[in-house]
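*Asks:* I have a structure here, written as structure tokens, and I will follow up with some questions on it.
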Amino acid sequence: MLSKKYSKVAGQSSVIRQIFEYGKKRAEVVGADNIFDFSIGNPSVPAPGSVNETAIRIMNENDPCFVHGYPSAIGYDDTRESIAGNLNRRYGMNYHKNNIFMTNGAAAAISLCFRTVTDYGVGDEIIVIAPYFPEYKCFIEGAGVKCVESQADTKDFQIDFDDLSSKINEHTRAVIINSPNNPTGACYSEDTIKKLASVLEEASNKYKRAIYIISDEPYREIVFDGFNIPYVPKYYKNTLVCYSYSKSLSLPGERIGYIAFTDDADDSDILLGTIGAVAREISYVGVPSLFQMVVRDCVDELADISIYETNKNLIYNALKDIGYSVVEPKGTFYIFPKCLEDDASSFCEKAKEYDLLIVPSDSFSIKGYFRLSYCVPTSRVERAIPLFERLYKDYN
């Protein structure tokens, strides 16, 4: 007899993946150029040339058994030192190698953090702020923890602190934040981060146990119009930063990222070891050696992400001019307009009539919006704009 829990969901996939697969089949009928797939957040710019050059150099200069061998479970010392140095230069921090744990991307980092700060099946809770990346709930419940939803202020998608405060209690172990945000493109202001730190400091003192911020930051580098992302650990010591090079270096398939924490965090002396113990329990055996060394040497590099701002300006201005209600993204490669009817799924089905593939907001635990991922060629955005106008006229 197979697991009842997993057998029930076998074969199920996320709505995003379902739309993506639909697009591939539809392309066989109408041609790939006539499908406007804005469903999935797969970076559309190549990695910097230095990444390939570095990988080739490493393979040519080193013993293949080392390059392709087992890494240390926590990551190579020199890679972690390189990352710590990058963060110190950019944010005025004091990281060292033992503040960094290498992971298979941000998803693995988040999952490890959820398990590190909670205990299985004892009533612990983690708060998510909707709209949010749907895998959070999967990771939280997989850790045997309750997922508690707090709604953002939809005026600008900052935190609704009245609602958040009402959700914090003696069972709260962490709040996960994502700025720049998937799916909205919102970026938390310094005022928002300061207030969040104050709220959690007060709650931690009240319940006599640290409440952590888990800061999910794969889009940290994709920020527009000179907006500066506050570096959360500078404002709140009990922050676990989860980072990925999927977007900054356009390496989503390499699955490489890290967890970072400061020496000021509670139990910092055992935090690295505790994360490692969690990783061991879930059969997590380290990050591929080659791309640890690539990241070590390319830590200050950045893919040419300027296309995302070009696309953002095009689609935001066009949707606004057409008449859609939409908050301007400050970062990422997502935009989150309101649907033209209450039922987001119905609206996104209607959009398929124009071969516009967009994601209903129900997937992100909020109703009445759709997510459009504009990490696509600019020409595709330009060609889609008249279709969004026709869709709008259908409703008006």
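Numbering-wise, our numbering comes out as the position in the sequence shown, counting from 1, plus 31.
Note that beta-carbon positions come from the ideal geometry of N, C-alpha and C, so glycine has one too.
1. Here's the rule I'm using: 16 or more other beta-carbon atoms within 10 Å means buried, otherwise exposed. How should S229 be labelled?
2. Going along the chain, which residues of its own chain have a beta-carbon closer than 7 Å to the beta-carbon of I47, five neighbours each way excluded?
3. Sorted by chain position, which residues of the same chain lie with C-beta nearer than 7 Å to I50's C-beta, five sequence neighbours on each side aside?
4. Which class does M124 belong to by DSSP, given the choice of helix, strand or coil?
5. Please check the pair F132 and I290, which I expect to be a contact at CB under 8 Å, by giving their CB distance rounded to whole angstroms.
6. Could you check which residue in R414, D335 and H127 has the C-alpha nearest to that of S299?
7. Starting from G438, follow the beta strand (DSSP E) in both directions and report where the run begins and ends.
8. Quick test of your reading: T409 and L345, contact by CB under 8 Å. State the CB separation rounded to the nearest angstrom.
9. Is the Cβ-Cβ distance between C370 and P79 less than 8 Å?
10. What separation, rounded to the nearest whole angstrom, lies between the Cα atoms of L422 and A349?
11. Strictly by DSSP, which residues pair up with D247?
12. Hey, could you find the ends of the alpha helix (DSSP H) Q49 is sitting in?
13. Determine the direct distance from the alpha carbon of A217 to that of I366, and round the result to whole angstroms.
14. What is the DSSP secondary structure of C406, counted as helix, strand or coil?
15. Starting from the C-beta of M90, find all residues in its chain whose C-beta is less than 8 Å away, skip the five residues before and the five after it, and write them out in chain order.
16. Near Y267, what residues of its chain come up, given a Cβ to Cβ distance below 8 Å and the 5 sequence neighbours on each side ignored?
17. DSSP puts S181 in a beta bridge; with which residues?
18. In whole angstroms, give me the CA-to-CA distance for T341 and D155.
19. Looking at Y385 and F428, is the spacing between their C-beta atoms short of 8 Å?
20. Would you mind sorting C96 into buried or exposed? The rule is 16 or more other CB atoms within 10 Å of its CB.
21. Could you tell me which of G123, A310 and D331 sits nearest to I144, measuring between CA atoms?
22. May I ask which residues mark the beginning and end of the beta strand (DSSP E) holding T134?
23. For L271 and E59, what's the separation of their Cα atoms in angstroms?
24. Buried or exposed: where does D68 fall if 16 or more other Cβ atoms within 10 Å of its Cβ makes it buried?
25. Using three-state DSSP, classify G72 as helix, strand or coil.
26. Taking 8 Å as the cut-off, decide whether the C-beta atoms of P211 and P162 are in contact.
27. Are the beta-carbon atoms belonging to G362 and F255 less than 8 Å from one another?
28. Taking the alpha-carbon of R204 as reference, which of R146, G106 and G307 has the nearest alpha-carbon?
29. In chain order, what residues of the same chain have a beta carbon less than 7 Å from the beta carbon of C406, not counting five sequence neighbours either side?
30. Can you give me the Cβ contacts of S376 inside the same chain, cut-off strictly under 8 Å, excluding the 5 residues immediately before and after it?
*Replies:* This is what the structure holds:
1. Taking the first residue of the sequence shown as 1, we reach residue 229 at position 198. Counting of Cβ neighbours within 10 angstroms places S229 among the exposed residues, the total staying below 16.
2. If you number the sequence shown from 1, residue 47 lands on position 16. Counting only Cβ-Cβ distances below 7 Å, and skipping sequence neighbours, we find S70, I71, V390 and S394.
3. Counting from one through the sequence shown, the residue named residue 50 turns up at place 19. Once the five neighbours on either side are set aside, the close Cβ partners of I50 are S70, L388 and V390.
4. Sequence index remark: in the sequence shown, residue 124 carries index 93 (1-based). M124: coil per DSSP, three-state reduction.
5. For the purposes of this step, residue 132 is taken as the residue at position 101 of the sequence shown. For the purposes of this step, residue 290 is taken as the residue at position 259 of the sequence shown. F132 to I290, Cβ: 4 Å. Contact.
6. Position 268 of the sequence shown, counting from 1, holds the residue named residue 299. Checking every option, the nearest Cα to that of S299 belongs to H127.
7. It is not possible to answer for residue 438, since the shown part of the chain is limited to 32 through 427.
8. Residue mapping note: residue 409 aligns to position 378 of the sequence shown, counting from 1. Residue mapping note: residue 345 aligns to position 314 of the sequence shown, counting from 1. Contact flag correct, Cβ pair sits at about 7 Å.
9. Along the sequence shown, read from residue 1 onward, the residue named residue 370 stands at position 339. Along the sequence shown, read from residue 1 onward, the residue named residue 79 stands at position 48. No, Cβ-Cβ distance for C370 and P79 is not below 8 Å.
10. For the purposes of this step, residue 422 is taken as the residue at position 391 of the sequence shown. For the purposes of this step, residue 349 is taken as the residue at position 318 of the sequence shown. Going by the C-alpha atoms only, they are around 13 Å apart.
11. Stepping through the sequence shown from its first residue, residue 247 is reached at position 216. DSSP output for D247 lists N209 and C273 as bridge partner(s).
12. Locating residue 49 in the sequence shown gives position 18, where the first residue counts as 1. DSSP places Q49 in the uninterrupted alpha helix (DSSP H) bounded by V46 to V61.
13. Locating residue 366 in the sequence shown gives position 335, where the first residue counts as 1. Locating residue 217 in the sequence shown gives position 186, where the first residue counts as 1. About 9 Å.
14. The count along the sequence shown starts at 1 and reaches residue 406 at position 375. DSSP, reduced to helix, strand and coil, places C406 outside both helices and strands of the structure shown, so it counts as coil.
15. Locating residue 90 in the sequence shown gives position 59, where the first residue counts as 1. So the list reads V98 and L321, once near-sequence residues are dropped.
16. The sequence position of residue 267 within the sequence shown is 236, counting from 1. Cβ within range, chain order: I224, L227, A228, L231, E232 and I244.
17. The residue given as residue 181 occupies position 150 in the sequence shown. DSSP, once it has assigned bridges, lists I160 as partnering S181.
18. Here residue 341 refers to the residue found at position 310 when the sequence shown is read from its first residue. Here residue 155 refers to the residue found at position 124 when the sequence shown is read from its first residue. Taking the straight line joining both Cα atoms gives about 43 Å.
19. Given a span of 32 to 427 for the chain in the structure shown, any question on residue 428 remains unanswerable.
20. Translated into positions along the sequence shown, residue 96 becomes position 65. By the neighbour-count definition (other C-beta atoms within 10 Å, threshold 16), C96 is an exposed residue.
21. For the purposes of this step, residue 144 is taken as residue 113 along the sequence shown, with counting starting at 1. The sequence shown places Cys at residue 144, rather than the Ile named in the question. With distances taken between Cα atoms, C144 lies closest to A310.
22. Reading the sequence shown from its first residue, position 103 is the one you call residue 134. Taken as a continuous stretch (DSSP letters only), the beta strand (DSSP E) holding T134 covers I131 to T134.
23. As a position in the sequence shown, residue 271 is number 240, starting the count at 1. As a position in the sequence shown, residue 59 is number 28, starting the count at 1. Rounded to the nearest whole angstrom, the CA to CA distance from L271 to E59 is 44 Å.
24. Numbered from 1 along the sequence shown, position 37 holds the residue referred to as residue 68. Buried.
25. Along the sequence shown, read from residue 1 onward, the residue named residue 72 stands at position 41. Residue state, collapsed to three classes: coil.
26. Here residue 211 refers to the residue found at position 180 when the sequence shown is read from its first residue. Here residue 162 refers to the residue found at position 131 when the sequence shown is read from its first residue. Not a contact, by the Cβ cut-off of 8 Å.
27. Sequence index remark: in the sequence shown, residue 362 carries index 331 (1-based). Sequence index remark: in the sequence shown, residue 255 carries index 224 (1-based). Contact flag set, yes.
28. The sequence position of residue 204 within the sequence shown is 173, counting from 1. The shortest C-alpha separation from R204 is found at R146.
29. Stepping through the sequence shown from its first residue, residue 406 is reached at position 375. Beyond the five residues adjoining it in sequence on each side, C406 comes within less than 7 Å, by CB distance, of G72, N73, P74, S75, Y339 and F364 in the same chain, given in chain order.
30. Position 345 of the sequence shown holds residue 376. Take S376, set aside five residues on each side of it, and the residues of its chain with a beta-carbon closer than 8 Å to its own are P391 and D393, in chain order.
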